[in-house]
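Numbering (my numbering), first residue to last: 23 to 483.
The C-beta atom is built at its ideal place from N, Cα and C for all residues, glycine as well.
In what follows, a single structure is set out as structure tokens and then discussed.
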DNA sequence: AGGCCCTTCGC
DNA sequence: CGAAGGGCC
């Protein structure tokens, strides 16, 4: 009896063992499994992973390798220019006849996967969405561009596929091919800007599980009201786990989604936004760099490196904006409400392009995800699908008073303002003696708002 | 998933 | 003279 040829299971944005369709299918086949991860930053088009994401990736891979070792397996690391070449080499070295992977939906990934499938015996499985893009379309067969009907359509489909349980065990090859060393990939920063990251995150599968359970036990019931308060832990904080696939949306849907309470439905709605963004990038593959609404291609954005830098460093003089930008820099994450406010400020008050904002988020967020990032910034810029109309300009002072009324979030991230009263913390320039170390507002919001509306008028049809 | 400004209405 | 509601950007 000859043993079947081994199967390469190619891990990508699915760094987990549970609900992993490719791994499960390989395990069920009785062939031996060689798990591989390929690091090909140059093949990933215009969007190689950012610095904060690389930090997370390092830890997630280390953890995945450990979990695989507990099963008697090994994670094989290879790096190079082209994943096709690396997979070809691995097939030759190991005698593997099949490569299994879970699908990705970004334009670059689709091109690469298609190229690999024509050259090698690859088999792909459903990726990290509740419903894959081809499973959802409008009456006329096209993609949805508005969230509400998309959400309705998903509700009518009912439960997404059941998550697959983790395979208990599977066959291993007698010898594994050589692996590169994770340390040599130098994913961790050279200068220690990540010093606080481990205080805020546990970037492992156990960390994902713990955070999900914490959220389901303590926060989800009040999600609808608490999710907008940046000083409270009312959001799920699961985004990086989703991005790296340490959690599967199907798993989370089934753990959170069968409860009819307000909080659960509100949370599932957010999971659907995630699918919505992914299907948009899938159907409109240029929207990582180009506005979905064409008339915005001629929008008169300002090139203003000094202003951009003040925004990036949290030195705009608007407390809520600066708190958010500093939270981002320190922890690799920012509360969703604050993301909307800082984005509106960059795009509308400073008239700096949403692409410049997206690039900064891409490099600094541990949850940076091409579909979510592109969609979110186009939404803020008013040029995307179901976007906030451009004339909807967030007032950074009102948003601050409304969502951080006691200034708790501001005091946490902008220590210069800690001693101000609640009455002055949102507008420190009105305080009797404004802190000398905190900058004056870099723009007057009322004037900036008028300027933004004038700019909008200039591109109107 | 806004906000500004004006009107109206209640006190 | 503040709150509430609507038109508009």
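Do residue j and residue i count as a contact pair if the criterion is CB distance below 7 Å?
| i | j | result |
| --- | --- | --- |
| residue 227 | residue 385 | no |
| residue 465 | residue 344 | no |
| residue 97 | residue 87 | yes |
| residue 202 | residue 101 | yes |
| residue 335 | residue 461 | no |
| residue 124 | residue 48 | no |
| residue 243 | residue 285 | yes |
| residue 366 | residue 402 | yes |
| residue 143 | residue 120 | yes |
| residue 118 | residue 28 | yes |
| residue 294 | residue 173 | yes |
| residue 199 | residue 115 | yes |
| residue 80 | residue 210 | yes |
| residue 36 | residue 346 | no |
| residue 176 | residue 105 | no |
Please state whether DSSP places residue i in a helix, a strand or coil.
| i | result |
| --- | --- |
| residue 203 | coil |
| residue 339 | coil |
| residue 223 | coil |
| residue 146 | strand |
| residue 334 | helix |
| residue 193 | strand |
| residue 23 | Residue placement at residue 23 is poorly supported in this model, since its pLDDT is 49, which falls under 50; the coordinates are not used for a value here. |
| residue 18 | Look at the range of the chain in this structure, 23 to 483, and you will see that residue 18 is not part of it. |
| residue 346 | helix |
| residue 231 | helix |
| residue 188 | coil |
| residue 452 | helix |
| residue 247 | helix |
| residue 254 | coil |
| residue 371 | helix |
| residue 411 | coil |
| residue 351 | helix |
| residue 328 | helix |
| residue 37 | coil |
| residue 65 | helix |
| residue 236 | helix |
Quick one: Cα of residue i to Cα of residue j, how far?
| i | j | result |
| --- | --- | --- |
| residue 327 | residue 416 | 22 Å |
| residue 169 | residue 409 | 10 Å |
| residue 446 | residue 289 | 34 Å |
| residue 38 | residue 451 | 49 Å |
| residue 298 | residue 192 | 35 Å |
| residue 23 | residue 212 | Any reading at residue 23 is ruled out, since the residue's pLDDT is 49, under 50, leaving its predicted position unreliable. |
| residue 382 | residue 309 | 17 Å |
| residue 25 | residue 53 | 7 Å |
| residue 8 | residue 463 | Here the chain covers residues 23 to 483 and nothing more, so residue 8 does not appear. |
| residue 57 | residue 425 | 46 Å |
| residue 474 | residue 364 | 15 Å |
| residue 358 | residue 207 | 31 Å |
| residue 240 | residue 429 | 23 Å |
| residue 453 | residue 480 | 38 Å |
| residue 183 | residue 414 | 38 Å |
| residue 291 | residue 361 | 18 Å |
| residue 458 | residue 339 | 12 Å |
| residue 128 | residue 134 | 10 Å |
What first and last residue would you give for the alpha helix (DSSP H) that runs through residue i?
| i | result |
| --- | --- |
| residue 467 | 467–481 |
| residue 432 | 430–435 |
| residue 73 | 73–92 |
| residue 379 | 376–386 |
| residue 106 | 105–116 |
| residue 358 | 358–366 |
| residue 425 | 418–425 |
| residue 441 | Taken as a continuous stretch (DSSP letters only), residue 441 belongs to no alpha helix (DSSP H), as it is neither H nor E. |
| residue 135 | 129–141 |
| residue 178 | 169–179 |
| residue 46 | 43–50 |
Provide the residue span of the beta strand (DSSP E) that contains residue i, from first to last.
| i | result |
| --- | --- |
| residue 59 | 55–61 |
| residue 29 | 29–33 |
| residue 398 | Premise fails: residue 398 lies in the alpha helix (DSSP H), 392–403, not in any beta strand (DSSP E). |
| residue 156 | Premise fails: residue 156 is in no beta strand (DSSP E) and is neither H nor E. |
| residue 100 | 98–101 |
| residue 124 | 120–124 |
What runs of the alpha helix (DSSP H), each 4 residues or longer, lie entirely inside the region 260–322? 261–265, 271–278, 284–305
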